[in-house]
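First up is the structure itself, then whatever we jot down about it.
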Amino acid sequence: MKILVINGPNLNMLGIREPGIYGEQSYDALVKFIQDVCAERGVEVECFQSNHEGAIVDKIQAAYGVMDGIVINPAAYTHTSVAILDALKAVSIPAVEVHLSDVNQREEFRHISYAGMACEKTYAGHGFVGYRLAIEYLVEHYGK
Ligand code: DQA
Numbered sequence: 018m019k020i021l022v023i024n025g026p027n028l029n030m031l032g033i034r035e036p037g038i039y040g041e042q043s044y045d046a047l048v049k050f051i052q053d054v055c056a057e058r059g060v061e062v063e064c065f066q067s068n069h070e071g072a073i074v075d076k077i078q079a080a081y082g083v084m085d086g087i088v089i090n091p092a093a094y095t096h097t098s099v100a101i102l103d104a105l106k107a108v109s110i111p112a113v114e115v116h117l118s119d120v121n122q123r124e125e126f127r128h129i130s131y132a133g134m135a136c137e138k139t140y141a142g143h144g145f146v147g148y149r150l151a152i153e154y155l156v157e158h159y160g161k
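Numbering (the working numbering), first residue to last: 18 to 161.
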């Protein structure tokens, strides 16, 4: 099984950015965490991070016919991007949404998730562990 993990804007700043909310570990540490989970589960994984909405749309489109599952933390684009929602719907690859923080306990504008409307599940507020839960969900339901 091949999984694409997408992280949106400012997640490359993990460890520096608002550590009280997002934790003290870096983006590289997150990638290592994801790779370890996938190695344990025998999953092939590609991790992609971009600060650009169009680049994320391009990456989702390129996953068509190639990837079996998508784990996505669209970061701030969660709350604004119909383009990312439409891209996820276009490829219809099983997708799971992840947020490090518990977006529903934060500002009102973070309560809406467009991308989440195309995702089977959302894990929010579990830090790095949310990515593990998302990968495990995809393996359990779509693993081969
Ligand atoms: C986030 C939550 C978003 O509201 C925020 O814009 C982010 C990160 C999270 O992982 O908790 O950049 O997606």
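All C-beta atoms, glycine included, are put in the ideal place defined by N, C-alpha and C.
Can you list, in chain order, the residues of its chain with a C-beta nearer than 6 Å to that of glutamate 61? Leave out the 5 residues immediately preceding and following it. Lys19
Inter-stretch contact (C-beta, 8 Å, three-pair minimum) for the stretch 88–102 and the stretch 118–136: Pairwise C-beta distances place the stretch 88–102 in contact with the stretch 118–136, as three or more of them are shorter than 8 Å.
Nearest to alanine 80 by alpha carbon, out of Gln42, Gly59, Gly160 and Ile110? Ile110
Is the closest heavy atom of ligand 1 to the C-beta of serine 118 under 7 Å? yes
Please state whether the Cβ-Cβ distance between glycine 86 and histidine 116 is less than 8 Å. It is not a contact, given that the beta carbons lie outside the stated cut-off.
Within this structure, are the beta carbons of proline 91 and isoleucine 77 separated by less than 8 Å? no
Spatial distance of asparagine 68 from asparagine 27 (CA atoms): 6 Å
Can you tell me whether alanine 92 sits near ligand 1, meaning its C-beta is under 7 Å from at least one heavy atom of the ligand? yes
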